[in-house]
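Counting in our numbering, the sequence shown runs from 61 upward without gaps. This report concerns only the one structure given below.
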Amino acid sequence: MNSKKNITIVVLTHNAYEYVKLCIESIKNTLDVEYNVVVVDNASDKDTKNFLHESMISKKIDVLCNLESNRLFSKGNNVGVRIAPEESNYILLLNSDVEILDPLWLKKLLDIHKEGITTYGACVGGKFPNRGDGYCFLIDRKLYEKYWLDESFPWFWGITKLQGEVLSEGYSVQAIKKHENIIKHYGGSSGDAYKKCKNSTAIDLQKVKSWFGENKVEIL
C-alpha cells in the first residue's frame, strides 16, 4: 500500500469541547501519511465553535463547515465528504471523541487496508452480523461516493449498510478488534440527540442480515 496517497479525515463535531480538543490536537501528531482534516460542526456550543475557529486559523483544520442544525451522523459525514479536497483517494471518518495514541496509526491502517473498508473497532457477537465499528472508518473514496451513507438511517445503521454494499461488490471489509495502544475511543460524548430520530437505533434483524447476505467482515 502506498502510504503517500492522500486521505481526508472527516471529523463530525457536536459540543463535547474537551473531547473535540483532544481529538483535533492528537491528529496533528500523525506521521508518514499525506492527509488533510475536514471538520463538519453540527451546531455546537460556543466553546466548541471557538476552538474549531482557532484550530482553522492555526491550520490544525484544513476545511471547516459550520452547520446551522444538528444533522447527525450520516448527513453530517456526507457533507464532509462532499467538501473534501479533490485530490483525496481515501476517506477516514473519525469520531470527535477519539484520541490518537500512536503517530503511525494511519500508516498502520493503510498498510493493512485492501480495496474497500478497514476500521479500528469491531462489533462482534450478538444477533447481528459481525461488522466494523464507525468511529475510525477508512474507505476508498470512489466506493463512498458510489454508495454514500444512507441518510434514512441517521445514526450507526447507515455505516453498517455501507459495509454490506461494499461487500456485495466483492470488495474487502476488515475490522481491527484490538487497538488499545493505537487509538482510544471514549464513546457517547456528544449526547443522545440521535435517540429522538426515527431509525436511529432500532432496526429489524432480518433487514441487517439482508445487507450482508453470505458475505462476511474479516475480524483482525
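C-beta: ideal position from N, C-alpha, C; glycine also. Remember, predicted model here, so these are calculated numbers, not experimental data.
Problem set entry | Rounded distance between the beta-carbons of residue 183 and residue 190, thought under 8 Å | Rounded, the Cβ-Cβ distance is 7 Å, consistent with contact.
For this session: Quickly, what does DSSP pair residue 216 with across the bridge? List them, please.
Result: DSSP output for residue 216 lists no bridge partner at all.
Exercise. Got a sec? Which residues, its chain only, sit under 6 Å from residue 180 by beta carbon, not counting five neighbours each side?
Worked result: So the qualifying residues of the chain are 196, 236, 239, 243.
For this session: With DSSP as the reference, please indicate the residues paired to residue 192 in a beta bridge.
Result: Per DSSP, 182.
For this session: Please name the residue or residues paired with residue 244 in a DSSP beta bridge.
Result: Residue 244 pairs with 159.
Exercise. Roughly how many angstroms separate the alpha carbons of residue 109 and residue 101, rounded to a whole number?
Worked result: Taking the straight line from one Cα to the other gives about 8 Å.
Exercise. Which first and last residues belong to the alpha helix (DSSP H) in which residue 123 is found?
Worked result: Annotation for residue 123: no alpha helix (DSSP H) segment contains it, though the beta strand (DSSP E) segment containing it runs 123-127.
Exercise. Anyone know if the C-beta pair for residue 170 and residue 93 falls short of 9 Å?
Worked result: Between residue 170 and residue 93, the CB-CB gap stays under 9 Å.
Problem set entry | Nonlocal neighbours in the same chain, by C-beta distance under 6 Å from residue 86, ignoring five residues either side | Here the set comprises 159, 160.
For this session: Kindly indicate which residue of 267, 143, 247, 201 has the alpha-carbon position closest to the one of residue 218.
Result: Looking at the Cα atoms, 267 is the closest of the given residues.
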